[in-house]
Amino acid sequence: MSESSSDKEQTQPANDTNLNYWLDSWQNNKIGFHRKIISKLFQSYLIPKLTSSEQKQLCVVFPLCGKTLDMIAVLDNGHRVIGIEGSQTAINAFFNENNISYEIENDESNQCQIYKGTDRPITIYCTDFCSFNKTLPSIDYIWDRGGLVAINPLDREPYRDCLLRMMTREQTQLFLVAINYNDPDYTPPPHILSDDNVNNLFGNECSIELLEVHDETDEFNGRVGRQAIKQIEERIHLVIRKSK
2 MSESSSDKEQ
12 TQPANDTNLN
22 YWLDSWQNNK
32 IGFHRKIISK
42 LFQSYLIPKL
52 TSSEQKQLCV
62 VFPLCGKTLD
72 MIAVLDNGHR
82 VIGIEGSQTA
92 INAFFNENNI
102 SYEIENDESN
112 QCQIYKGTDR
122 PITIYCTDFC
132 SFNKTLPSID
142 YIWDRGGLVA
152 INPLDREPYR
162 DCLLRMMTRE
172 QTQLFLVAIN
182 YNDPDYTPPP
192 HILSDDNVNN
202 LFGNECSIEL
212 LEVHDETDEF
222 NGRVGRQAIK
232 QIEERIHLVI
242 RKSK
């Protein structure tokens with residue numbers, strides 16, 4: 002896919018991927034978007050950072066985390082996980098399928114339930130990510146694969162604002178996996194998130210570096226199965242908040 006096609010806005014068929022859409026997907030087990038293995042990009046970019054850190058326990062945030070096994074990789078390397086997810090079904094499945102004991106707290110002030118691992122350092126907040134406003138501890142990394150590309154494009158700015166609130170300037174590293182394709186017949190999700198989209202969302206506040214472009218066509222069509230796509234690529238960006 003050419004650079005010009007990756008940066009231009011593309012018209013996509015309408016599909017309202019609001020929170021209720023994803024709650025229904027989890028409730029009815031329509032989760033072809035879920036990977037049953039640790040993602041290759043996570044292995045390439047996060048695992049080396051997790052395994053090289055011997056001085057402190059790192060904290061990694063997963064927006065719209067679902068039940069991704071990337072969180073298990075963080076835990077297995079001795080680090081802390083914070084997830085934010087709207088679906089109780091997804092959260093329960095994550096803890097139960099990975100045999101992690103947990104307790105649930107109700108946070109009425111923030112209108113969310115908090116799932117805390119009792120034997121592993123993981124906390125998952127059950128809430129709408131775009132309205133999440135809870136103060137978190139210092140975050141080292143944010144891994145966003147399948148989050149920003151899943152929501153309605155009109156909701157991207159409040160989603161972005163939530164990410165920025167979590168990011169310590171010049172410290173927190175956001176790894177943002179964007180999606181690009183040129184197939185007018187394909188109905189989202191995922192939604193196209195072009196390089197221009199990323200720059201428009203984060204450019205004023207952050208430095209942005211495109212790390213890698215990965216062809217995802219065969220893996221995507223084999224996993225999702227909902228509708229074949231002609232070509233799709235993942236574009237991973239490193240986003241860091243600038244100093245004031």
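Take 2 as the starting number for the sequence shown in the numbering used here and just add one per residue.
Glycine residues also receive a C-beta, built at the ideal position from the N, C-alpha and C atoms.
Exercise. Rounded to a whole number of angstroms, what is the C-alpha to C-alpha distance between Arg146 and Thr188?
Worked result: Mapped onto the sequence shown, residue 146 falls at position 145. Mapped onto the sequence shown, residue 188 falls at position 187. Answer to the nearest angstrom: the Cα atoms are 19 Å apart.
Exercise. What is the rounded straight-line gap between the Cα of Asp25 and the Cα of Tyr182?
Worked result: Numbered from its first residue, the sequence shown carries residue 25 at position 24. Numbered from its first residue, the sequence shown carries residue 182 at position 181. Taking the straight line from one Cα to the other gives about 25 Å.
Problem set entry | Proximity winner among Ile125, Gly204, Val240, relative to Gly67 (alpha-carbon distances) | The count along the sequence shown starts at 1 and reaches residue 67 at position 66. Taking only the C-alpha atoms, the option nearest Gly67 is Ile125.
Problem set entry | Residue interval of the beta strand (DSSP E) (run including Ser208) | Within the sequence shown, residue 208 is the residue found at index 207, counting from 1. Counting along the chain, the beta strand (DSSP E) containing Ser208 begins and ends at 207–216.
Exercise. If we ignore side chains and look at the alpha-carbon of each, how far apart do Gln89 and Thr173 end up?
Worked result: In the sequence shown, counting from the first residue as 1, residue 89 sits at position 88. In the sequence shown, counting from the first residue as 1, residue 173 sits at position 172. Their backbone Cα atoms lie some 28 Å apart in a straight line.
For this session: For Ile92, I'd like the list of residues in its chain whose CB is within less than 7 Å of its CB, leaving aside the five on either flank, ordered along the chain.
Result: On the sequence shown, residue 92 is found 91 positions in, with the first residue counted as 1. Excluding sequence neighbours, Ile92 sits near Glu86, Tyr116, Ile125, Cys127.
Exercise. Does the Cβ of Asn198 have 16 or more other Cβ atoms within 10 Å, making it buried, or fewer, making it exposed?
Worked result: One-based indexing of the sequence shown puts residue 198 at position 197. Asn198 is buried by the Cβ-count criterion.
Problem set entry | Enclosing beta strand (DSSP E) for Val240 [first to last residue] | Indexing the sequence shown from 1 puts residue 240 at position 239. Start and end: 233–242.
For this session: Please report the residue range of the beta strand (DSSP E) in which Phe63 lies.
Result: On the sequence shown, residue 63 is found 62 positions in, with the first residue counted as 1. From DSSP, the beta strand (DSSP E) with Phe63 extends over 60–64.
Problem set entry | Best match in Val75, Cys113, Arg121, Asn205 for proximity to Tyr103 [C-alpha to C-alpha] | Taking the sequence shown and counting its residues from 1, the one referred to as residue 103 is at position 102. For the residues Val75, Cys113, Arg121, Asn205, the minimum Cα distance to Tyr103 belongs to Arg121.
Problem set entry | Bridge partners - Glu106, DSSP secondary structure assignment | On the sequence shown, residue 106 is found 105 positions in, with the first residue counted as 1. For Glu106, which the question treats as bridged, DSSP gives the partners Ile115.
Problem set entry | Rounded separation between His215 and Tyr22 - CA only | Indexing the sequence shown from 1 puts residue 215 at position 214. Indexing the sequence shown from 1 puts residue 22 at position 21. So the two alpha carbons sit approximately 27 Å from each other.
Exercise. If you draw a straight line from the C-alpha of Ile32 to the C-alpha of Asn19, how long is it?
Worked result: Counting from one through the sequence shown, the residue named residue 32 turns up at place 31. Counting from one through the sequence shown, the residue named residue 19 turns up at place 18. Their backbone Cα atoms lie some 15 Å apart in a straight line.
Problem set entry | DSSP state of Tyr126 mapped onto helix, strand, coil | Your numbering for residue 126 matches position 125 in the sequence shown. Tyr126 falls in the strand class under three-state DSSP.
For this session: Kindly list the residues whose CB is nearer than 6 Å to the CB of Phe95, restricted to its own chain and excluding five residues on each side of it in sequence; keep chain order.
Result: Within the sequence shown, the letter at position 94 stands for residue 95. Closer than 6 Å at the Cβ level, and outside the excluded window around Phe95, lie Lys68.
Exercise. Does the beta-carbon distance from Arg166 to Arg242 come in below 8 Å?
Worked result: Residue numbering aside, residue 166 sits at position 165 when the sequence shown is read from its first letter. Residue numbering aside, residue 242 sits at position 241 when the sequence shown is read from its first letter. It is not a contact, given that the beta carbons lie outside the stated cut-off.
Exercise. Along the chain, where does the alpha helix (DSSP H) that runs through Arg157 open and close?
Worked result: Residue mapping note: residue 157 aligns to position 156 of the sequence shown, counting from 1. First-last of the alpha helix (DSSP H) with Arg157: 157–167.
For this session: Determine the direct distance from the alpha carbon of Asp141 to that of Cys163, and round the result to whole angstroms.
Result: Here residue 163 is taken as the residue at index 162 of the sequence shown, counted from 1. Here residue 141 is taken as the residue at index 140 of the sequence shown, counted from 1. Computed Cα separation, rounded: 16 Å.
Problem set entry | C-beta atoms of Ile143 and Val82 nearer than 8 Å | In the sequence shown, counting from the first residue as 1, residue 143 sits at position 142. In the sequence shown, counting from the first residue as 1, residue 82 sits at position 81. No; because the gap between Cβ atoms is not below 8 Å, this pair is not in contact.
Problem set entry | Contact check, Arg236 vs Phe203, beta carbons under 8 Å | One-based indexing of the sequence shown puts residue 236 at position 235. One-based indexing of the sequence shown puts residue 203 at position 202. Not in contact: Arg236 and Phe203 (Cβ atoms no closer than 8 Å).
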